[in-house]
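First comes the structure, then the notes that go with it.
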Amino acid sequence: MKKANSVVILDFETTGLSPVQGDRAIEIGAVRLVDGKVEQQFQRLMNPGRPISAFIAQYTGITNQMLATAQPCAQVMAEFADFIADDNLIAHNAQFDKRFLDAELERIGRHYSGQFGCSLLVSRRLFQQAPNHKLGTLVDFHNLAVEGDFHRALFDAQMTAKVWQVMLNHISYRYNIKDIPFSLMQKVAKTSKSKVATLLGQFEVN
DNA sequence: TGCCAGGCCCTCTTTAGGGCCTT
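Residue numbers (numbering that gives the first Met the number 0): 0 to 205.
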């Protein structure tokens, strides 16, 4: 039974930037938020079947040795497809993670039915005063507690979840809106910066 | 041989260019 306010926040580490150019996933991390609380976590390394570059090893801290004993992508992604079920999905710069999720699931003939939300796009609308909208910068900007390493999938998913919660709380407090639906966050992401206040004002409870 | 991501978004815009983000 799907819970109405359940969402999966995910992050991929990969061999590079483009699945079209042959890049593969090497780690998936995700948290399931239900009514704003982390109810489940998912983290797996996966073996892409080829060595990763020195740059990716340095960038992520994931080594070829670590991947040598990991399950293959197909096995991990099948487990992850089961994990996400039909929940909506969130990622920081979602178009990047969506491309890899689509490519990896296509390889194993699996699909998902949820929509993708993007914490980067929402942040650009809500926090125009932030120095930039990189995940690490937003964690600093909002003074969020950090215990882990950036550029590892589960940690980045956890931090994205915290940023998402900050944004929900900001809208809830600023506009007095309770129980903000996923669909409203999607509207925020698609609205121009100059019109976001007007959009949210329409939902304000006086 | 040579090249190599791509969608969003701003602006000195729309007959375009370049920075931002993700690994």
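Positions of the beta carbon are idealized from the N, C-alpha and C atoms, including for glycine.
Per the Cβ contact rule, the segment 103 to 120 is in contact with the segment 79 to 92 (3 or more Cβ pairs under 8 angstroms).
Here the C-alpha atom of Gln114 lies approximately 8 angstroms from the C-alpha atom of Asp86. CA-CA distance, His169 to Leu199, rounds to 11 angstroms. Sixteen is the threshold: when 16 or more other Cβ atoms of the shown chains lie within 10 Å of the Cβ of Leu125, as they do, the residue is buried.
Under the three-state reduction of DSSP output, Gln201 falls in the coil class, being neither helix nor strand.
DSSP, read as helix, strand or coil, puts Leu9 in strand.
For Asn87, there is no enclosing alpha helix (DSSP H); the residue is found in the beta strand (DSSP E) stretching over 87 to 90. Judged by DSSP secondary structure, Phe41 falls within the beta strand (DSSP E) whose first and last residues are 36 to 44. The alpha-carbon of Gln157 is positioned some 15 angstroms away from that of Asn142.
By the Cβ-count criterion, Phe54 is exposed, with fewer than 16 other Cβ atoms from all chains shown falling within 10 Å of its own Cβ. Here the C-alpha atom of Asn46 lies approximately 12 angstroms from the C-alpha atom of Glu12. Residues of the same chain with a CB within less than 7 angstroms of the CB of Thr190, apart from the 5 flanking positions on each side, are Arg124, Leu198 in chain order.
Separation of Ala129 and Thr159 (C-alpha to C-alpha, rounded to the nearest whole angstrom) is 16 angstroms. For Ala29, the enclosing beta strand (DSSP E) starts and ends at 24 to 33.
Contact between the segment 64 to 79 and the segment 11 to 25 is present: three or more C-beta pairs spanning the two stretches fall below 8 angstroms.
In this structure, Phe154 lies away from Tyr174, with their beta-carbon atoms at least 9 angstroms apart.
Burial is judged here by how many other beta carbons sit within 10 angstroms of a residue's own beta carbon; Arg106 has fewer than 16 and is exposed. The three-state secondary structure of Gly147, taken from DSSP, is coil.
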